[in-house]
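Structure first, commentary second.
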Amino acid sequence: VFLNQTIDDEFGDPVTGALPTYRPASFWSLNSSCATCVVHPDPNLAFNHTWHDSSQLPGEAPVSLTLEFVGTAIHVFCILPPITPNVVTMYNLNFTLDGASRGTFSKSPTSMTEFIYNLPVLFLDSLPNKPHTLLISTDDSVDGSIFLFDYAVYTCVQSLRSIAPANPGVQDGPGHA
């Protein structure tokens with residue numbers, strides 16, 4: 014049986030307890046309560062009302078996020094802000110899975126007023142069902158990059174035995190056949 018599990022930006026994976034790792038930590042903000050941040054998505058439209066915000070200005074070192082999961086697929090979702098004067102609002106991301114490059118994502122906003130929520134920035138499938146480490150980093154390009162991470166969804170394989178509810182009508186033990 015295939016099950017989808019969500020890794021929240023703040024609360025992590027409710028099944029394993031694993032939390033995203035943000036580097037450098039001081040360059041990331043839990044943005045649902047960030048008073049100094051320049052872009053302000055609507056918390057009611059973000060998954061679990063939270064997201065993590067960072068940006069890499071041109072010429073600065075990249076920022077990164079690491080997710081660990083066991084599964085056969087992963088989808089990563091971010092928030093795209095509107096065009097904001099004098100603010101980096103485009104995405105330039107690199108993806109590395111288990112030490113191997115798995116592509117890039119670049120996108121510029123097209124709206125002056127609208128945020129785009131649940132923006133898919135990565136989809137990897139047909140992965141071996143084993144532990145994986147996904148590193149997402151900004152590209153140190155001349156354009157810089159914003160990074161508003163909201164959540165990821167991974168697909169794991171679960172045996173029917175481990176998810177089947179107990180049948181209260183079946184009795185084991187002495188006196189029962």
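Heads up: the sequence shown begins at 14 in the working numbering, then just goes up one per residue. Where is the CB? At the ideal position from N, CA and C, for every residue including glycine.
1) Report yes or no: do the stretch 54-66 and the stretch 96-108 share at least 3 C-beta pairs separated by less than 8 Å?
2) For HIS65, count the other beta carbons within 10 Å of its own beta carbon; 16 or more makes it buried, fewer makes it exposed. Which is it?
3) State the start and end residues of the unbroken beta strand (DSSP E) segment that holds PRO144.
4) Following the continuous beta strand (DSSP E) through SER67, name the residue where it begins and the one where it ends.
5) Of all the options TYR130, GLY30, PRO94, which has the alpha carbon lying nearest to the alpha carbon of SER124?
6) Please state whether the Cβ-Cβ distance between ILE149 and VAL89 is less than 8 Å.
7) Output the distance between the C-alpha atoms of GLN18 and PHE82, rounded to the nearest integer angstrom.
8) For the beta strand (DSSP E) containing PHE118, list its first residue and its last residue.
9) Can you tell which of PHE136, THR79, LEU110, ASN142 has its C-alpha closest to the C-alpha of ALA38?
10) What do you get for VAL33, buried or exposed, if any count of 16 or more other CB atoms within 10 angstroms of its CB means buried?
11) Should ASP156 be flagged as near chain B, meaning a C-beta pair shorter than 8 Å?
12) Who does HIS53 pair with in a DSSP beta bridge?
13) What did DSSP end up calling SER124 once you bin it into helix, strand or coil?
14) So for ASN17, helix, strand or coil by DSSP?
15) Ignore the nearest five residues each way along the sequence and tell me which others in THR11's own chain have a CB closer than 6 Å to its CB.
According to the data block:
1) Not touching, per the Cβ criterion.
2) Label assigned to HIS65: buried.
3) Here the beta strand (DSSP E) through PRO144 covers 143-151.
4) Per DSSP, SER67 belongs to the beta strand (DSSP E) from 65-69.
5) Here the closest residue by C-alpha is PRO94.
6) By the CB criterion at 8 Å, ILE149 and VAL89 fall inside the cutoff.
7) GLN18 and PHE82: Cα-Cα distance of roughly 9 Å.
8) Run containing PHE118: 113-120, per the beta strand (DSSP E) assignment.
9) When each option's Cα is compared against that of ALA38, the closest is THR79.
10) According to the sequence provided, residue 33 is Pro. The question's Val does not apply to it. So PRO33 counts as buried.
11) The structure shown contains no chain B, having only a single protein chain.
12) Bridge partners of HIS53: none, in fact.
13) Coil, per DSSP.
14) Strand at ASN17.
15) Examination of residue 11 is not possible in this model, given that the chain is present from 14 through 190 alone.
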